[in-house]
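Protein chains in written order, with this note's numbering: chain A, 1 to 522; chain B, 1 to 214. Data block below; observations after.
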């Protein structure tokens with residue numbers, strides 16, 4: 001493999017482009033904004049950031065002709081396959097949409113320091129690197145890039161003590177989980193002598209899931225001598241298992257799975273909403289990609305015979321916790337945070353199924369989750385109350401009373417998306433949940449499927465309550481909202497029609513997710 | 001001739017080693033005995049410097065440089081700043097050493113025994129030449145390849161870092177940039193330039209009685 005940056009293997013060119021853009025934008029804005037008159041360059045810089053992301057998307061799309069086989073670069077530490085290609089394109093498109101949405105919020109709440117947008121851009125760079133990381137070291141560094149920038153984004157509204165608290169909380173807990181990840185990686189390196197996913201893949205290629213669960217050392221040696229023909233090869237399976245559990249805990253923390261989800265409602269609610277939309281919409285996909293790379297593509301799931309039930313237990317727990325805690329919430333933001341916890345629970349159920357159909361429904365669900373999340377959070381950002389806006393940054397549920405009278409179409413969009421998230425039949429969210437439950441039943445997790453179905457029925461309660469508040473509340477006075485501009489309403493309507501169109505023609509998404517899931521099992 | 005020269009070098013090395021060790025022990029002892037906390041931190045810096053000198057003698061250049069950069073450059077300076085900010089007066093003229101003596105001596109003794117055990121296992125007395133103190137231990141394990149094909153730590157790490165792991169190196173650079181950006185933007189306070197305003201009630205309420213306050 002090639003070791004140096006040479007022109008032949010510049011598949012990294014989108015990331016390099018984005019990195020150079022970051023440095024140029026930083027220089028540019030620091031020179032402009034320290035001019036004598038201290039001009040505000042936030043709006044301008046936002047457009048430049050969006051422009052550079054659009055160019056980055058074109059460069060990413062340019063790589064598609066390389067996808068005929070799996071490309072490994074930089075001593076196998078950097079991969080370009082269809083999974084990373086898809087995840088990167090999705091991340092960039094969604095972050096462009098989010099950046100368009102946060103424009104008004106930045107202006108209203110006076111987040112006037114230019115560093116904010118550049119830090120957002122750095123976090124997107126971290127996601128792109130994480131999508132194509134092929135060893136633990138690169139993955140750790142990419143996670144560090146994106147989570148460090150998230151801590152700063154959470155604490156960025158300095159005049160609000162809520163925001164500072166959220167940033168501090170996120171920083172302390174998140175860096176603890178990063179330390180656990182690093183500990184797990186070092187133990188894994190001690191046990192296996194490598195942390196490259198490709199090498200680990202070729203070590204455990206012939207092992208089916210769960211074969212190494214209770215294996216003793218001698219068993220393992222036999223397996224290796226028979227199947228792998230690598231000669232005598234000794235390591236302690238318990239040590240690998242322990243390090244994998246540490247890695248898993250850390251990644252579950254980043255995904256906010258149930259016992260480790262406690263930070264997420266606080267951080268979501270207290271940090272400025274322009275940061276929260278990134279935490280909620282974008283951050284999950286690339287960490288799920290890493291999870292699949294560790295456990296499916298590099299065949300480390302061979303160690304998880306008994307621990308599969310551990311993951312299933314966590315998934316059910318997070319479905320339950322997310323649903324029942326969300327019923328109690330009065331703030332819209334923390335309600336959405338708890339609902340995202342329960343969605344991650346559904347995703348983990350299909351992850352722990354371990355079949356191709358399970359992985360396929362995982363991809364299906366995460367795409368639908370991101371689409372619906374983008375729509376919900378952008379409506380949340382764009383509904384700016386006219387009267388009490390300056391005093392109040394957060395929204396109660398009651399602020400949406402009689403939304404259909406003040407803005408009919410947006411309330412229709414909002415309720416349709418909420419129906420889709422809740423999983424009502426004539427919408428695409430129904431198919432996403434159906435896939436999850438079917439994959440759970442196929443692997444004879446009947447009990448888990450029953451609990452998940454019943455809980456999803458309960459979860460429709462709080463989604464429908466929002467719709468009830470928007471349409472059928474018996475009050476006389478309600479709020480007026482600021483008008484939306486063209487491009488923002490255009491994006492919301494696009495997502496809305498996409499959710500309806502995908503019901504009429506779900507083949508598009510099914511084909512895409514099957515392709516991704518087949519690649520995960522090579 | 002060459003042998004003699006080599007012998008001379010190792011002879012000098014031994015003296016430098018003893019010098020650094022003595023300074024190390026002296027400064028470590030002074031950290032816990034001096035009264036002024038600032039002197040104590042300065043002795044800590046001296047301690048780290050001499051330790052990194054010892055590591056240089058053992059040809060662990062990378063570790064030595066890390067010692068200087070991280071411990072001296074960051075941690076000891078952080079201690080110094082903390083002590084300056086806390087504004088400690090010299091209160092305890094006589095430190096209560098004996099209070100911590102049992103636990104401290106137990107830990108120190110255990111650590112000493114451990115290190116002695118390792119040294120006696122891994123090293124042996126050289127019978128061919130000895131320095132004047134007679135404590136010339138020689139490592140049993142010698143990697144002769146590394147003696148022939150000499151290659152320092154920093155060279156090796158640098159060659160790996162700039163070729164095989166160049167992408168990770170670049171990401172680490174971005175992390176450092178992010179840390180600088182974040183800490184500057186979070187701590188810089190643009191609204192702190194307070195405009196001096198008239199305080200009317202203070203001006204009005206001034207009279208001859210409350211001007212001079214004792």
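Idealized CB from N, CA, C, for every residue including glycine.
* **Inter-residue spacing [alpha-carbon to alpha-carbon] between residue 217 of chain A and residue 144 of chain A** => Taking the first chain and counting its residues from 1, the one referred to as residue 217 of chain A is at position 217. Taking the first chain and counting its residues from 1, the one referred to as residue 144 of chain A is at position 144. Low confidence applies here, because residue 217 of chain A scores a pLDDT of 41, under 50, leaving its location unreliable and the question unanswered by this model.
* Contact the stretch 14-26 of chain A vs the stretch 46-62 of chain A: 3+ CB pairs below 8 Å -> yes
* Counting contacts by CB-CB distance shorter than 9 Å, is residue 281 of chain A in contact with chain B? -> What you label residue 281 of chain A is simply residue 281 of the first chain in a count that begins at 1. Residue 281 of chain A does not count as touching chain B.
* Reference residue 494 of chain A; option with closest CA among A:74, A:337 and A:410 -> Taking the first chain and counting its residues from 1, one reaches residue 494 of chain A at position 494. Considering only alpha carbons, the answer is A:410.
* In this structure, does DSSP put residue 81 of chain A in helix, strand or coil? -> Residue 81 of chain A sits at position 81 when you count from the first residue of the first chain. Coil.
* To do: Tell me whether residue 146 of chain A is buried or exposed, calling it buried when 16 or more other Cβ atoms sit within 10 Å of its Cβ.
  => Taking the first residue of the first chain as position 1, residue 146 of chain A is located at position 146. Its Cβ being crowded by 16 or more others within 10 Å, residue 146 of chain A is buried.
* Asked: Just the Cα atoms here: how many angstroms apart are residue 351 of chain A and residue 150 of chain B?
  -> Stepping through the first chain from its first residue, residue 351 of chain A is reached at position 351. Stepping through the second chain from its first residue, residue 150 of chain B is reached at position 150. So the two alpha carbons sit approximately 51 Å from each other.
* Give the residues from the stretch 73-85 of chain A that approach chain B closer than 7 Å (Cβ to any Cβ), ordered along the chain. => 74, 75, 77 and 78
* Looking only at DSSP bridge pairs, what is residue 72 of chain A linked to? -> Position 72 of the first chain, counting from 1, holds the residue named residue 72 of chain A. Assignment of beta-bridge partners to residue 72 of chain A by DSSP yields A:79.
* residue 494 of chain A - containing alpha helix (DSSP H), residue span -> Locating residue 494 of chain A in the first chain gives position 494, where the first residue counts as 1. Note, residue 494 of chain A: alpha helix (DSSP H), 486-504.
* **residue 385 of chain A - DSSP class collapsed to helix/strand/coil** => Position 385 of the first chain, counting from 1, holds the residue named residue 385 of chain A. Strand at residue 385 of chain A.
* To do: Taking only the alpha-carbon atoms, compute the straight-line gap between residue 221 of chain A and residue 237 of chain A and give it to the nearest angstrom.
  => If you number the first chain from 1, residue 221 of chain A lands on position 221. If you number the first chain from 1, residue 237 of chain A lands on position 237. Note that residue 221 of chain A scores a pLDDT of 47, beneath 50, so its modelled location is shaky and nothing firm can be said.
* Asked: The alpha helix (DSSP H) spanning residue 47 of chain A covers which residue range?
  -> Here residue 47 of chain A refers to the residue found at position 47 of the first chain. Its alpha helix (DSSP H) spans residues 42-62.
* Asked: Got a sec? Which residues, its chain only, sit under 8 Å from residue 78 of chain A by beta carbon, not counting five neighbours each side?
  -> For the purposes of this step, residue 78 of chain A is taken as the residue at position 78 of the first chain. Closer than 8 Å at Cβ, skipping near neighbours: 11, 12, 72, 132, 133, 134 and 138.
* Asked: In angstroms, rounded to a whole number, what distance separates the CA positions of residue 164 of chain A and residue 272 of chain A?
  -> Counted from its first residue, the first chain places residue 164 of chain A at position 164. Counted from its first residue, the first chain places residue 272 of chain A at position 272. If you take the alpha carbons of residue 164 of chain A and residue 272 of chain A, they lie about 10 Å apart.
* Asked: According to DSSP, what are the bridge partners of residue 331 of chain A?
  -> Taking the first residue of the first chain as 1, we reach residue 331 of chain A at position 331. Answer is A:396.
* Measuring only between beta-carbons, confirm whether residue 108 of chain B sits less than 9 Å from chain A. => Taking the first residue of the second chain as position 1, residue 108 of chain B is located at position 108. No - not a single Cβ of chain A is within 9 Å of the one on residue 108 of chain B.
* Asked: When the cut-off is 9 Å and only beta carbons count, does residue 186 of chain B lie next to chain A?
  -> Sequence index remark: in the second chain, residue 186 of chain B carries index 186 (1-based). Interface residue, yes.
* To do: Identify the contact partners of residue 149 of chain A in chain B, using a Cβ-Cβ distance below 8 Å as the criterion.
  => For the purposes of this step, residue 149 of chain A is taken as residue 149 along the first chain, with counting starting at 1. Result: 178 and 182.
* Asked: Using a Cβ-Cβ cut-off of 6 Å (strictly less than) and excluding sequence neighbours within five positions of residue 361 of chain A, which residues of its own chain qualify?
  -> On the first chain, residue 361 of chain A is found 361 positions in, with the first residue counted as 1. Result list for residue 361 of chain A: 350, 435, 436 and 439, in chain order.
* **Reference residue 325 of chain A, options A:311, A:354, A:340 and A:314, closest by Cα** => On the first chain, position 325 is the one that residue 325 of chain A refers to. The shortest C-alpha separation from residue 325 of chain A is found at A:340.
* Asked: What's the gap between the Cα of residue 312 of chain A and the Cα of residue 467 of chain A?
  -> Looking up residue 312 of chain A in the first chain gives position 312. Looking up residue 467 of chain A in the first chain gives position 467. Cα-Cα distance, rounded: 32 Å.
* To do: Take residue 447 of chain A as the anchor and find which of A:488, A:183 and A:315 has the nearest alpha-carbon.
  => Start at 1 with the first residue of the first chain, and residue 447 of chain A comes out as number 447. For the residues A:488, A:183 and A:315, the minimum Cα distance to residue 447 of chain A belongs to A:315.
* To do: Can you pull the chain A residues whose beta carbon is under 8 Å from the beta carbon of residue 31 of chain B, in chain order?
  => Reading the second chain from its first residue, position 31 is the one you call residue 31 of chain B. In chain order: nothing, as chain A lies at least about 28 Å away.
* Along chain B, in chain order, which residues have C-beta atoms closer than 7 Å to that of residue 144 of chain A? -> On the first chain, position 144 is the one that residue 144 of chain A refers to. Chain B residues near residue 144 of chain A: 175.
* Within-9 Å CB hit, residue 115 of chain A to chain B -> Within the first chain, numbered from 1, the residue matching residue 115 of chain A stands at position 115. At least one chain B Cβ lies under 9 Å of residue 115 of chain A.
* **Residue range of the unbroken alpha helix (DSSP H) whose run includes residue 163 of chain B** => Numbered from 1 along the second chain, position 163 holds the residue referred to as residue 163 of chain B. Segment 153-163, the alpha helix (DSSP H) holding residue 163 of chain B.
* To do: Tell me the start and end of each unbroken alpha helix (DSSP H) in the stretch 235-282 of chain A that is at least 4 residues and wholly inside, in chain order.
  => 237-255, 263-270 and 273-281
* Can you tell which of A:343, A:200 and A:119 has its C-alpha closest to the C-alpha of residue 29 of chain A? -> Working through the first chain from its first residue, we reach residue 29 of chain A at position 29. Of the listed residues, the one whose Cα sits closest to residue 29 of chain A is A:119.
* **Proximal chain A residues relative to residue 75 of chain B, where beta-carbon distance stays under 7 Å** => On the second chain, residue 75 of chain B is found 75 positions in, with the first residue counted as 1. Going along chain A, no residue has its Cβ under 7 Å from residue 75 of chain B, so there is no contact; the nearest lies around 18 Å.
* Asked: Mind pulling the chain B residues with CB within less than 8 Å of residue 12 of chain A?
  -> Taking the first chain and counting its residues from 1, the one referred to as residue 12 of chain A is at position 12. What residue 12 of chain A touches in chain B: 167.
* For residue 156 of chain B, go through chain A and note every residue whose CB falls closer than 8 Å to its CB, in chain order. => Counting from one through the second chain, the residue named residue 156 of chain B turns up at place 156. Within chain A, no residue comes near residue 156 of chain B; the closest Cβ sits about 15 Å away, beyond 8 Å.
* Proximity of residue 181 of chain A and residue 140 of chain A at Cβ, strictly below 9 Å -> To locate residue 181 of chain A, count along the first chain from 1; it is residue 181. To locate residue 140 of chain A, count along the first chain from 1; it is residue 140. Closer than 9 Å, so yes.
* residue 117 of chain B in three-state terms, based on DSSP -> Stepping through the second chain from its first residue, residue 117 of chain B is reached at position 117. Three-state result, residue 117 of chain B: helix.
* State yes or no: is the C-beta of residue 63 of chain B within less than 9 Å of the C-beta of residue 55 of chain B? => Residue mapping note: residue 63 of chain B aligns to position 63 of the second chain, counting from 1. Residue mapping note: residue 55 of chain B aligns to position 55 of the second chain, counting from 1. For residue 63 of chain B and residue 55 of chain B, yes; Cβs fall inside 9 Å.
* Are any of the Cβ atoms in chain B nearer than 9 Å to that of residue 550 of chain A? -> Any property of residue 550 of chain A remains undetermined from this structure, which presents chain A solely from 1 to 522.
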